[in-house]
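Residue numbers (our numbering), protein chains in the order written: chain S, 68 to 391; chain V, 68 to 391. Ideal Cβ positions, reconstructed from N, Cα and C, are used throughout, including at glycine.
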């Protein structure tokens, strides 16, 4: 099968690409020949190349219809639409967020619609879909009420994916991912990025700043489980999704303080002491507006899985460091 | 105050215009000079002119930024964004619906954003925001899950209005209107149009077709109360809305059978007998997907009001016929 990943040069896109390559087959069908071609589309090429004959690269603007047409035209069985301007970025530059997150999603959907056989499309949405007067625990029936431009744009993407699916233009599936922790590499403009930073940087011998109070709770998922969720979302048959094409992915609720306790238990007091709290009202406003507690019954019924706890997440991150 | 109505040549736009003119003042402030100018923007001029020096007309495409800029540039205190492709129309022509209902709403919001003083904006949304696995009674916390392109496009409009408001680009308010009954004039492409037709046409001595089973329940509001709701939405202070800029307007639940019973009581058996049931699967699919029962606590707390019953609605329509 031929797969396209938008945002394929980003950390999640790269992890997803490696996971797809490592998999023997896809969609669990005997008739399926597994991955035959994987196109990574992004603004620029990733810094590290994946050594595999099946991988190719395409670079350009996510709103460029001709580019998308070219990438999809040989036939795509699955598209993972990951390209996005992240939360603090979309808040700082409203027009850029609208262009990439709304117009970009629409361009990808339109390109899928123009194919003879509309592909499966997995759209990465976010916990930022929720906000406002939230119930104590968010459930599958909680109304989206985004309080950031990023969240707004992601919910618009979900709505488009659902309606394009209903019209038969694509076979779409939107997955609202928790905050991904531990995000490897450099900090990005995601407002939630500190939750990775306070674990990643100290483990790397570096200081880190926590911009929110230590009792701040976050709804998180490891990159490994996030990639599993995206692949599972793609592999599930359309009937398993039914009319409802938007899903709250499972995660775990962890406070900053509990995460630092776990870091201390695993890596020692000196490591954990590299984190200092220095509150940032801008970040706080966005992050404290997100819900931290969920029940994700539908996702669990559909076979999505979260991490067992923050210690597992930290240890998994340390294993990836050891490999590098 | 200077007011702009998009969709100003439509029946609701015309009724709203006449209601605004009939009002002594607006926003209930002593400092407010009342209506000084009213611009009716639409694709074409309305068939009947409103005789009032304060009224002017603008014609063109709702996505035409230059036109919107020209209409808003002298300063607008309030914009009522009514222009839309209705439900069955947006279902039949997906691209037209996206263009008018999504791109049009965005163009209006962008034009508001470019003003020195962002106006109040009232956006007409719809009960079509709801669908899928609905609770028996829709409440203020029920999640939007549109099952039509029209509903999808309206919810996208609501999300944009909310985020533009949060960013301070506009002071927006979205009102989800029930099905408007009795809609005067010719039938349009609204899937719910029959609910007006089965009352309006028989009263006019004409036959009418009901495309859904008689036990079909609808959530309805008279045009008079809908206009009241739009004006009230505009006049409420921003603080009354708070962060939540989307509201389910009040209405009443009426079955087709009960509406025809009321018609018979008011206008006689012969009149009611002009309606015959001839089911239309396309219409049925859209209309039966809409919720018919609501509790609208927030709207009532904010002072919005529904009609007292279907008889009041029919009698109000008969009075407008007597005036014409």
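Kindly indicate if chain S contains any beta-carbon less than 9 Å away from that of residue 213 of chain V. Yes, because at least one Cβ of chain S sits closer than 9 Å to the Cβ of residue 213 of chain V.
Nearest neighbour of residue 217 of chain V, chosen from V:380, V:357, V:379 and V:385 [CA to CA]: Taking only the C-alpha atoms, the option nearest residue 217 of chain V is V:357.
Beta bridge counterpart(s) of residue 165 of chain V as assigned by DSSP: Among the bridge pairs identified by DSSP, residue 165 of chain V is matched with none.
Using a C-beta to C-beta distance shorter than 7 Å, which residues of chain V count as neighbours of residue 371 of chain S? By Cβ distance, chain V contributes nothing, its closest Cβ being about 19 Å from residue 371 of chain S, past 7 Å.
Which residues of the segment 358 to 384 of chain S have a Cβ closer than 9 Å to any Cβ of chain V? Give them in chain order. Taken residue by residue, none of the segment 358 to 384 of chain S has a beta-carbon sitting less than 9 Å from a beta-carbon on chain V.
Would residue 186 of chain S and residue 229 of chain S be called neighbours here (beta carbons separated by less than 9 Å)? In this structure, residue 186 of chain S keeps its C-beta atom at 9 Å or more from the C-beta atom of residue 229 of chain S.
Quick check: the Cα distance between residue 154 of chain S and residue 274 of chain V, rounded to an integer number of angstroms? For residue 154 of chain S and residue 274 of chain V, the distance between alpha carbons rounds to 56 Å.
Identity of the residues DSSP links to residue 124 of chain V by a beta bridge: Looking at the DSSP output, residue 124 of chain V sits in a beta bridge with V:107.
Residue 269 of chain S and residue 288 of chain S: beta carbons closer than 9 Å? A distance of 9 Å or more separates the beta carbons of residue 269 of chain S and residue 288 of chain S.
Using the beta-carbon of each residue, which ones in chain S are nearer than 9 Å to residue 310 of chain V? Ordered by position in chain S, the residues that pass the 9 Å Cβ test against residue 310 of chain V are 198, 199, 200, 212 and 214.
Who does residue 285 of chain S pair with in a DSSP beta bridge? DSSP output for residue 285 of chain S lists S:321 as bridge partner(s).
Neighbour list for residue 161 of chain V in chain S, Cβ cutoff strictly below 7 Å: Listed along chain S are 234, each with a C-beta nearer than 7 Å to that of residue 161 of chain V.
Determine which residues share a DSSP beta bridge with residue 315 of chain V and list them. When DSSP reads this structure, residue 315 of chain V sits in a beta bridge with V:243.
Residues in the same chain with beta-carbon distance under 7 Å from residue 227 of chain V, minus the five sequence neighbours each way, listed in chain order, please. Closer than 7 Å at Cβ, skipping near neighbours: 172, 173 and 176.
Paired residues, beta bridge with residue 361 of chain S - DSSP: According to DSSP, which records beta bridges pairwise, residue 361 of chain S is partnered with S:205.
Under the rule that 16 or more other beta-carbon atoms within 10 Å means buried, what is residue 387 of chain V, buried or exposed? Within a 10 Å sphere around the beta-carbon of residue 387 of chain V sit fewer than 16 other beta-carbons, which makes this residue exposed.
Should residue 222 of chain S be flagged as near chain V, meaning a C-beta pair shorter than 9 Å? Output row for residue 222 of chain S: interface = yes.
Residues near residue 257 of chain S in its chain [Cβ-Cβ closer than 7 Å; skip 5 each side]: Same-chain partners within the cutoff: 153, 154 and 155.
Contact belief for residue 381 of chain S with residue 327 of chain S at Cβ below 8 Å, rounded distance in angstroms: Going by Cβ atoms, the distance from residue 381 of chain S to residue 327 of chain S rounds to 10 Å, so no, they are not a contact pair.
Counting contacts by CB-CB distance shorter than 9 Å, is residue 226 of chain V in contact with chain S? It does: the Cβ of residue 226 of chain V has a partner Cβ on chain S nearer than 9 Å.
Check whether the segment 231 to 246 of chain S and the segment 193 to 202 of chain S are in contact - that is, three or more C-beta pairs closer than 8 Å. When Cβ pairs closer than 8 Å are counted between the two stretches, the segment 231 to 246 of chain S is seen to touch the segment 193 to 202 of chain S, the count reaching three or more.
What first and last residue would you give for the alpha helix (DSSP H) that runs through residue 197 of chain V? Counting along the chain, residue 197 of chain V falls outside any alpha helix (DSSP H), and DSSP gives it neither H nor E.
Label residue 89 of chain V either buried or exposed according to how many other C-beta atoms from any shown protein chain fall within 10 Å of its C-beta, with 16 as the threshold for buried. With fewer than 16 Cβ atoms within 10 Å of its Cβ, residue 89 of chain V is classed as exposed.
Taking CB distances under 9 Å as the criterion, tell me whether residue 238 of chain S reaches chain V. Not an interface residue.
I need the boundaries of the alpha helix (DSSP H) containing residue 69 of chain V, first residue and last residue. Following the DSSP letters along the chain, one finds residue 69 of chain V in no alpha helix (DSSP H) but inside the beta strand (DSSP E) bounded by residues 69 to 73.
N- and C-terminal bounds of the alpha helix (DSSP H) containing residue 294 of chain S: Annotation for residue 294 of chain S: the continuous alpha helix (DSSP H) segment containing it runs 290 to 302.
Can you give the Cα-Cα distance for residue 262 of chain V and residue 355 of chain V, rounded to whole angstroms? Using only the alpha carbons, I get a separation of about 13 Å.
Residue 238 of chain V bridges to which residues according to DSSP? Residue 238 of chain V pairs with V:187.
Would you please verify whether the beta carbon of residue 103 of chain S is less than 9 Å from any beta carbon of chain V? Taking Cβ atoms only, chain V never reaches closer than 9 Å to residue 103 of chain S, which makes this a no.
With distances taken between CB atoms, is the gap from residue 210 of chain S to residue 225 of chain S smaller than 9 Å? For the 9 Å CB-CB criterion, residue 210 of chain S and residue 225 of chain S do not form a contact.
Does the CB of residue 10 of chain V have a neighbour CB from chain S at under 9 Å? Given that chain V is displayed from residue 68 to residue 391, the structure contains no residue 10 of chain V and the question cannot be resolved.
Return the CA-CA distance between residue 271 of chain S and residue 83 of chain S, expressed in angstroms with no decimal places. Cα to Cα, the separation comes out at about 24 Å.
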